[in-house]
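**Student:** Counting from 1, position 26 in the sequence shown corresponds to residue 26 in the UniProt record's numbering; the numbering is continuous, with no gaps.
Idealized CB from N, CA, C, for every residue including glycine.
Computed from a predicted model, the values in this text were never measured in an experiment.
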Amino acid sequence: MQLNPKVSPRIVEQMRKNYDLDKPMHVQYVLWLKKLFKGELYSFKDGKPVLQKIAERLPATIILNVVSVILVFGFAIPLGVFSATHRYSLLDNMGTLAAYIGISIPGFWLAYILILGAVKMFGVPVLGMRSFAVADLSFW
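#1: With three or more beta-carbon pairs closer than 8 Å as the criterion, would you say the region 63-82 touches the region 40-49?
#2: For Ser83 and His26, I'd like the C-alpha separation in whole angstroms.
#3: Could you check which residue in Leu79, Ile103, Ile54, Ile11 has the C-alpha nearest to that of Asp92?
#4: Report the rounded CA-to-CA distance for Val12 versus Pro59, giving the unit in angstroms.
#5: Per DSSP, what are the beta-bridge partners of Pro49 in this structure?
#6: How would you write the range of the alpha helix (DSSP H) that Ser104 sits in, first residue to last?
#7: Kindly indicate which three-state DSSP category Arg10 falls into: helix, strand or coil?
#8: Could you name the residues of the same chain whose beta carbon sits closer than 8 Å to that of Tyr29, not counting the 5 residues immediately before and after it, in chain order?
#9: Can you tell me the Cα-Cα spacing of Phe75 and Val69, whole angstroms?
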């Protein structure tokens, strides 16, 4: 465990005891599993229960996933049908190339490039899900 070098040894020892770091690794693992199944895991940052933090973020996660699935199917099915009906055309080859590039690029890198492009081309803010203009909508 690395801490600030100015922290007293008494506090370090207390933290080791509080987090069961003074026990062997296999015992730590069993204790962690017990806490996991009881729902007694807490955030190091603010001390809130992990389940509460997950519950706070679950609605936004569900919204993002539903929207992404709708977008993926909205683009993928029509493009797949077009590609199947126009085999070896220029658009089919371009679509195949774009698909290979999209699969080859890591997702986080592609997302970062798309965010930068949206900011530069359209001035889209990247501050979060909510905009100042639509902050009063009831479904948020």
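**Tutor:** Checking against the coordinates, here is how it stands:
#1: no
#2: Here residue 83 refers to the residue found at position 83 when the sequence shown is read from its first residue. Here residue 26 refers to the residue found at position 26 when the sequence shown is read from its first residue. For Ser83 and His26, the distance between alpha carbons rounds to 54 Å.
#3: Along the sequence shown, one-based indexing puts residue 92 at 92. Cα-wise, what sits closest to Asp92 is Leu79.
#4: As a position in the sequence shown, residue 12 is number 12, starting the count at 1. As a position in the sequence shown, residue 59 is number 59, starting the count at 1. Each residue's CA atom was taken as its position, placing Val12 and Pro59 some 38 Å apart.
#5: Counted from its first residue, the sequence shown places residue 49 at position 49. Answer by DSSP bridge pairing, in chain order: Tyr42.
#6: Within the sequence shown, numbered from 1, the residue matching residue 104 stands at position 104. Its alpha helix (DSSP H) spans residues 90-104.
#7: In the sequence shown, counting from the first residue as 1, residue 10 sits at position 10. Of the three classes helix, strand and coil, the one that applies to Arg10 here is helix, per DSSP.
#8: For the purposes of this step, residue 29 is identified with residue 29 of the sequence shown, where counting begins at 1. Here the set comprises nothing.
#9: For the purposes of this step, residue 75 is taken as the residue at position 75 of the sequence shown. For the purposes of this step, residue 69 is taken as the residue at position 69 of the sequence shown. Using only the alpha carbons, I get a separation of about 10 Å.
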